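Sequence order for the protein chains is A and B. Numbering (this note's numbering) for the first sequence: 1 to 341. Numbering (this note's numbering) for the second sequence: 1 to 564. Backbone N, C-alpha and C fix where the C-beta goes; we use that ideal spot for every residue, glycine too. Everything numeric in this text was worked out from a predicted model, so none of it was measured.
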Amino acid sequence: MSSPTTVEPAADPRASLFRRLPVISHFHKSVGLQRGMLVAGLVLTGAFVLTAIFAPLLAPYGYSQLSDADGSFPAQQAPGGKHLLGTTVGGYDVLSRVIWGTQTAIMVIVVAVLMSIFIGVILGLVSGYIGGWLDRILVVIADAIYAFPSLLVAIVMAIVISGGQSSLLGGIMAAAISITVVFIPQYFRVIRSETIRLKAEPFVESAKVVGASNIRIMSRHIYKNATRTLPLIFTLNASEAILTMAGLGFLGFGIEPSSAAEWGFDLKQALADTTSGIWWTGVFPGLAMVLTVVGLTLMGESINDLNDPRLRGRKKAASGKGGPDSNVAAQAGIQAEVSSS
Amino acid sequence: MTTNIDKRGAGPVLDIDHLKVTFATDAGDVYAVKDVSLEVNPGEVVAIVGESGSGKTVTAKTILGLLPETAISSGAVLINGNNVISVSPAKLRQIRGRDVAMVFQEPSTALNPVFTVGWQIAEGIRAHAHGKGGRVSAKEAKSRAVEALRKVGIPDAEKRVDYYPHQFSGGQKQRVVIAAALALNPGLIVADEPTTALDVTVQAEILQLLRDLRDKYGTSIVLITHNMGVVADLADRVVVMYQGDVVEEATAKVLFAEPKQEYTRKLLAAVPHLGRNSASQGMTARAHQDRKVLVEARGLTIEYPGRLGSPGFKAVDGVSFTLSEGEVFGLVGESGSGKTTIGRAIAGLNRTTGGSLKVLDYEMLNLKERTFKPLRKEIGFVFQDPAASFNPQLTIGDCVAEPLIIHSNPTPAQARKRVGELLESVQLPASYADRFPHELSGGQRQRASLARALILNPKLLIADEPTSALDVSVQAVVLELFKDIQEEFGFAALFISHDLAVVDILSHWVGVLYKGKLVEQGLGTQVMGAPQHDYTRRLIASLPVPDPDEQAKRREANRSLLAG
Chain A
1 MSSPTTVEPA
11 ADPRASLFRR
21 LPVISHFHKS
31 VGLQRGMLVA
41 GLVLTGAFVL
51 TAIFAPLLAP
61 YGYSQLSDAD
71 GSFPAQQAPG
81 GKHLLGTTVG
91 GYDVLSRVIW
101 GTQTAIMVIV
111 VAVLMSIFIG
121 VILGLVSGYI
131 GGWLDRILVV
141 IADAIYAFPS
151 LLVAIVMAIV
161 ISGGQSSLLG
171 GIMAAAISIT
181 VVFIPQYFRV
191 IRSETIRLKA
201 EPFVESAKVV
211 GASNIRIMSR
221 HIYKNATRTL
231 PLIFTLNASE
241 AILTMAGLGF
251 LGFGIEPSSA
261 AEWGFDLKQA
271 LADTTSGIWW
281 TGVFPGLAMV
291 LTVVGLTLMG
301 ESINDLNDPR
311 LRGRKKAASG
321 KGGPDSNVAA
331 QAGIQAEVSS
341 S
Chain B
1 MTTNIDKRGA
11 GPVLDIDHLK
21 VTFATDAGDV
31 YAVKDVSLEV
41 NPGEVVAIVG
51 ESGSGKTVTA
61 KTILGLLPET
71 AISSGAVLIN
81 GNNVISVSPA
91 KLRQIRGRDV
101 AMVFQEPSTA
111 LNPVFTVGWQ
121 IAEGIRAHAH
131 GKGGRVSAKE
141 AKSRAVEALR
151 KVGIPDAEKR
161 VDYYPHQFSG
171 GQKQRVVIAA
181 ALALNPGLIV
191 ADEPTTALDV
201 TVQAEILQLL
211 RDLRDKYGTS
221 IVLITHNMGV
231 VADLADRVVV
241 MYQGDVVEEA
251 TAKVLFAEPK
261 QEYTRKLLAA
271 VPHLGRNSAS
281 QGMTARAHQD
291 RKVLVEARGL
301 TIEYPGRLGS
311 PGFKAVDGVS
321 FTLSEGEVFG
331 LVGESGSGKT
341 TIGRAIAGLN
351 RTTGGSLKVL
361 DYEMLNLKER
371 TFKPLRKEIG
381 FVFQDPAASF
391 NPQLTIGDCV
401 AEPLIIHSNP
411 TPAQARKRVG
421 ELLESVQLPA
431 SYADRFPHEL
441 SGGQRQRASL
451 ARALILNPKL
461 LIADEPTSAL
471 DVSVQAVVLE
481 LFKDIQEEFG
491 FAALFISHDL
501 AVVDILSHWV
511 GVLYKGKLVE
521 QGLGTQVMGA
531 PQHDYTRRLI
541 ASLPVPDPDE
551 QAKRREANRS
561 LLAG
């Protein structure tokens, strides 16, 4: 069966690079409802990203613009006319604020998630691989941070970092760092447990036996294998980052309206409007938030399902036409199929 | 097709007719079972043999309707006149347990650890009580569980019915699984590799039990296995499967004596046969004694620390042996005998706790990674599972080159060239260096693993069960290769295996480990031919040989030994 001459079961028929990209390969793997979920998530997320990139072109006004050539904007104007989604009590254009808000949101996501991934992954690798007292201390700290309500930690961090209020960069960094502190334990935990599992794998032992150094084992053998679940946590955490950011803004620890547009701040301002029947100031920033979070979550969840062969839906095998001329590749796949069932 | 309505009549208990099973996978439809027809008569043991991927387990699962959702089956599987493929789920539940039951491969996972074995045996009895109008009282269920346990030879069944699975040994657990299968007295038992997870001495007991069941209760057995020795020991009729098709079907005697198909012949020829093809054939004294001693163990003890308060576990207890340059030392033992621990200690993966272990004149008792590292390039290690011992993210070339890169810092071109040479010498095309581990078959991966172990031209190679994860025909090829390469390169090797026949093929000198103690060592032919220690005798007697007549004689001759 395995003399060197036989045709090899090419389990990975070298598809084009494009087809093997994370999201695209997931798209091709999916069927039915899972594909629908993935597509919906992709469309929403795509719209979010594109809006952020092209905000200067899309937004009719600046985020802190209160007047144009025709004079000051009216306050609390209903949607229509010059202001498609109306204006706020301060005279800001709601549509422009919502569109510019995507930029702030994406910056916070990128900075927060990147920082927490870097720190979390490094700490997780070292802690899991080296073990001992270092591991114990880091786990205790991570658990302690877990135990706090994440928003509370974020508030404390925001106050510590920027004194509560600040400029665009300061505000984003404050929000991002406070979110980072909350997220590091998550990445730390995931990477640490993966590292501990991988540490006992024969391929790590075989590297040890040939005399590989600890740093080499961590960077070459464990790192790549341990970080395979990260894209998933990334998408799920991105949505949580937006919510935390909005929560900070809502509570007044966010970014000043003059330095950037921020959905949470706008929601807070809209709070007083609701009772007087002014709905547009609150609904649109809220909707933007909901759609972004739903989009990211749908994408993350469906990628999660598609990564797991047990959860992944498949097209039904064609019954009846039991053509036994199956290709060798497929025949090899059956082993995995049978042993996993 | 026989439509046989009368229960337990003269007709077959199981009649599979043109069964086809197709799986939907990412790589498209896979035809796991292409066209299988077979019959099982009352009181008959039919073995389905084949290598991995032959469709034997899928066939077995179809008999109980246990296929996953992604599978589509056609054809007919008739059990007492019911077609398992087309009956309703409710009807299928009635058939399971009452007409057909299953014995699984791994007894420690087939039992639920949080329920007593009695409860688990009675589960089937309770599940089938509703059909007969009423419930089974707890007392009756228990008494029937006790009866089932007694049937499978568990001593003191009244008391042990209330035990939990962890209180039984591996072999006893498998007896409990069989007892659960027997609880409703089904006419047919499907046993999927029932002894593969067990040690060879325990395997002999379970095979004896299955034989008794057939003789006493007339139970038919469908035995799924890859082990030709087990087939020779138990089966009346053999169905050989290959890639989803039945290749050959014959009575056991006929099949082993004169296999008709080429594939069957190849398969049988690949099975290692104890006492044939021994590496120490014709030797009278231990070879290579004039050469340098590479590994020397004196009263080696390795203890795993116990939990708080309880004493540690001595995995290796006062073992002494030597291994000289160019020699192949075979270490045999059952699970838990400490053979792997010794191998790992020599490679510096485990710490020794007592006695002395000198590897290349380095005392392992005070192992310091920094001082031992230079010696590592003299030691190659081949792991048991070739699939797990390669980093899935690196190409075969990167994996094989790793020792070279760590110890000698070559240019990429040099490394590539050396990897190519090594791959060629283990009979793999050099182009395989660009493949990923999952793109190779098991045998090819194990050859690549050998290439990695040999790339620095080590003096010593430790092979820990290198062929036990492979199919028998692949195993034969890898063993042959190992032998050739050892002769070519001339390294010393510690060959660790649970399989006596495999060890005998390769090793000049054989040591038998039992519960951490080296009970016997000697030339392969001596240990296998005239074992001195009781345990070695039992071990050799338990090993089924792939020849029904010879096996029947051995079984008779060794009955007293095995009972003890």
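- Query: For the stretch 247-315 of chain A, which segments carrying the alpha helix (DSSP H) assignment without a break, of at least 4 residues, lie completely within its bounds, in sequence order?
  - Reply: 263-274 and 280-307
- Inside the stretch 194-277 of chain B only - alpha helix (DSSP H) runs reaching at least 4 residues: 200-217, 228-234, 252-257 and 262-270
- Task: Using a cut-off of 8 Å between C-beta atoms, extract the partners of B:Leu-349 located in chain D.
- Result: The structure shown has no chain D; the protein chains it does contain are A and B.
- Positions along the stretch 185-200 of chain B whose CB lies within less than 7 Å of some CB in chain A: Listed by position, the residues of the stretch 185-200 of chain B near chain A (Cβ gap below 7 Å) amount to none.
- Message: Rounded to whole angstroms, what is the Cα-Cα separation between A:Gly-320 and B:Gly-50?
- Response: To locate residue 320 of chain A, count along the first sequence from 1; it is residue 320. To locate residue 50 of chain B, count along the second sequence from 1; it is residue 50. Legend: pLDDT at A:Gly-320 = 41, less than 50; position of this residue unreliable, no value from coordinates given.
- Please name the residue in B:Asp-17, B:Pro-12, B:His-18 and B:Asp-26 whose C-alpha comes closest to that of A:Leu-306. Here residue 306 of chain A corresponds to residue number 306 of the first sequence, with the count starting at 1. Of the listed residues, the one whose Cα sits closest to A:Leu-306 is B:Asp-26.
- Message: Just to check my reading of the structure: B:Ile-189 and B:Thr-219 have Cβ atoms closer than 8 Å, yes? What is that Cβ distance to the nearest angstrom?
- Response: Locating residue 189 of chain B in the second sequence gives position 189, where the first residue counts as 1. Locating residue 219 of chain B in the second sequence gives position 219, where the first residue counts as 1. Contact holds; Cβ gap of about 6 Å.
- Going by the CB atoms, is the gap between B:Val-77 and B:Thr-57 shorter than 8 Å? Working through the second sequence from its first residue, we reach residue 57 of chain B at position 57. Working through the second sequence from its first residue, we reach residue 77 of chain B at position 77. No, these two residues do not count as a Cβ contact at 8 Å.
- Message: Considering Cα atoms alone, identify which of B:Ala-492, B:His-407, B:Arg-298 and B:Val-293 is closest to B:Ser-356.
- Response: For the purposes of this step, residue 356 of chain B is identified with residue 356 of the second sequence, where counting begins at 1. Of B:Ala-492, B:His-407, B:Arg-298 and B:Val-293, the residue nearest in Cα terms is B:Arg-298.
- For B:Lys-377, return the contacting residues in chain A, with the cut-off set at a CB-CB distance below 9 Å. Position 377 of the second sequence, counted from the first residue, corresponds to residue 377 of chain B. What B:Lys-377 touches in chain A: Val-210 and Gly-211.
- For B:Gln-568, which residues of its own chain have a beta-carbon under 8 Å away from its beta-carbon, when the five flanking residues on both sides are left out? One cannot answer for residue 568 of chain B here, as it falls past the ends of chain B, which runs 1 to 564.
- Message: Going by DSSP in three states, A:Ser-319 sits in which element: helix, strand or coil?
- Response: Here residue 319 of chain A corresponds to residue number 319 of the first sequence, with the count starting at 1. The pLDDT assigned to A:Ser-319 is 46, lower than 50, so where the model puts this residue is not dependable; a value taken from the coordinates is nonetheless given after this. Coil, per DSSP.
- Task: Report yes if the CB atom of B:His-498 is closer than 8 Å to the CB atom of B:Glu-334, and no otherwise.
- Result: Taking the first residue of the second sequence as 1, we reach residue 498 of chain B at position 498. Taking the first residue of the second sequence as 1, we reach residue 334 of chain B at position 334. Taking 8 Å as the Cβ cut-off, B:His-498 and B:Glu-334 qualify as a contacting pair.
- Task: Can you grab the Cα-Cα spacing for the pair B:Ser-337 / A:Arg-35, in whole Å?
- Result: By 1-based counting over the second sequence, the position of residue 337 of chain B is 337. By 1-based counting over the first sequence, the position of residue 35 of chain A is 35. Whole-angstrom Cα-Cα distance: 52 Å.
- Just by C-beta distance, which residues in the stretch 265-281 of chain A are closer than 7 Å to chain B? Flagged: no residues at all.
- Collapsed DSSP secondary structure at B:Gly-511 in the structure displayed: Taking the second sequence and counting its residues from 1, one reaches residue 511 of chain B at position 511. B:Gly-511: strand per DSSP, three-state reduction.
- Item | Whole-angstrom distance between B:Val-40 and B:Leu-367, CA atom to CA atom | Here residue 367 of chain B is taken as the residue at index 367 of the second sequence, counted from 1. Here residue 40 of chain B is taken as the residue at index 40 of the second sequence, counted from 1. Going by the C-alpha atoms only, they are around 59 Å apart.
- Task: Note down the Cα distance separating A:Ser-341 from B:Pro-546, rounded to an integer number of angstroms.
- Result: On the first sequence, position 341 is the one that residue 341 of chain A refers to. On the second sequence, position 546 is the one that residue 546 of chain B refers to. Below a pLDDT of 50, predicted positions are generally treated as unreliable, and A:Ser-341, at 38, falls in that range; the measurement from the model is reported next regardless. Straight-line Cα distance between these residues: approximately 30 Å.
- Query: Measuring CB to CB, does B:Thr-371 end up less than 8 Å from B:Ile-302?
  - Reply: What you label residue 371 of chain B is simply residue 371 of the second sequence in a count that begins at 1. What you label residue 302 of chain B is simply residue 302 of the second sequence in a count that begins at 1. No, they are not a contact pair.
- Query: Taking Cβ to Cβ, would you say B:Ala-476 is nearer than 8 Å to B:Ala-270?
  - Reply: Here residue 476 of chain B corresponds to residue number 476 of the second sequence, with the count starting at 1. Here residue 270 of chain B corresponds to residue number 270 of the second sequence, with the count starting at 1. In contact: B:Ala-476 and B:Ala-270 (Cβ atoms closer than 8 Å).
- Query: Between A:Lys-199 and chain B, is there a C-beta pair that is closer than 8 Å?
  - Reply: The residue given as residue 199 of chain A occupies position 199 in the first sequence. Not one chain B Cβ lies under 8 Å of A:Lys-199.
- Which chain A residues are close to B:Ala-388, counting only those with a beta carbon under 7 Å from its beta carbon? Residue 388 of chain B sits at position 388 when you count from the first residue of the second sequence. Here the neighbours are Glu-201, Pro-202 and Phe-203.
- Message: Output needed for B:Phe-489: all residues of its chain with C-beta closer than 8 Å, excluding positions within five of it in sequence on either side, in chain order.
- Response: On the second sequence, residue 489 of chain B is found 489 positions in, with the first residue counted as 1. Excluding sequence neighbours, B:Phe-489 sits near Leu-454 and Asn-457.
- Task: Provide the residue span of the beta strand (DSSP E) that contains B:Val-103, from first to last.
- Result: Here residue 103 of chain B corresponds to residue number 103 of the second sequence, with the count starting at 1. Note, B:Val-103: beta strand (DSSP E), 100-103.
- Consider the Cβ of B:Lys-159: report whether some Cβ of chain A lies at a distance smaller than 8 Å. To locate residue 159 of chain B, count along the second sequence from 1; it is residue 159. With 8 Å as the cut-off, B:Lys-159 does not count as an interface residue toward chain A.
- Cut-off 6 Å between Cβ atoms - residues of its own chain near A:Gly-86, not counting five sequence neighbours on either side: As a position in the first sequence, residue 86 of chain A is number 86, starting the count at 1. For A:Gly-86, where only same-chain residues beyond five positions count, the Cβ hits under 6 Å are Gln-77, Ala-78, Pro-79, Val-94 and Trp-280.
- Query: Who are the neighbours of B:His-407 on chain A, taking C-beta pairs under 9 Å?
  - Reply: Residue 407 of chain B sits at position 407 when you count from the first residue of the second sequence. What B:His-407 touches in chain A: Val-210 and Gly-211.
- Would you mind giving the Cβ-Cβ distance between B:Phe-329 and B:Gly-53, rounded to the nearest angstrom? I have them listed as a contact below 8 Å. Position 329 of the second sequence holds residue 329 of chain B. Position 53 of the second sequence holds residue 53 of chain B. That pair is no contact at about 34 Å.
- Assign B:Phe-390 to buried or exposed, taking buried as 16 or more other Cβ atoms, counted over all protein chains shown, within 10 Å of its Cβ. In the second sequence, counting from the first residue as 1, residue 390 of chain B sits at position 390. Buried: at least 16 other Cβ atoms inside 10 Å.
- Endpoints, the alpha helix (DSSP H) within which A:Phe-48 is located: The residue you call residue 48 of chain A lines up with position 48 of the first sequence. Start and end: 32-53.
- What does B:Ser-86 pair with, by DSSP beta-bridge criteria? Here residue 86 of chain B corresponds to residue number 86 of the second sequence, with the count starting at 1. In the DSSP output, where bridge partners are listed per residue, B:Ser-86 has none listed.
- Query: Taking DSSP as the reference, what is the three-state secondary structure of A:Ile-217?
  - Reply: What you label residue 217 of chain A is simply residue 217 of the first sequence in a count that begins at 1. Helix at A:Ile-217.
- Query: What distance in whole Å lies between the Cβ atoms of B:Gln-444 and B:Leu-428, which are believed to be in contact at a cut-off of 8 Å?
  - Reply: Within the second sequence, residue 428 of chain B is the residue found at index 428, counting from 1. Within the second sequence, residue 444 of chain B is the residue found at index 444, counting from 1. Correct: roughly 6 Å between the Cβ atoms.
- Item | Integer Cβ distance of A:Ile-145 from A:Val-181, believed to fall under 8 Å | Against the first sequence, residue 145 of chain A aligns to sequence position 145. Against the first sequence, residue 181 of chain A aligns to sequence position 181. Their Cβ separation, rounded to whole angstroms, is 7 Å, which keeps A:Ile-145 and A:Val-181 in contact under 8 Å.
- Determine the direct distance from the alpha carbon of B:Ile-48 to that of B:Val-238, and round the result to whole angstroms. Walking along the second sequence from the start, residue 238 of chain B turns up at place 238. Walking along the second sequence from the start, residue 48 of chain B turns up at place 48. In a straight line, the C-alpha of B:Val-238 is about 6 Å away from that of B:Ile-48.
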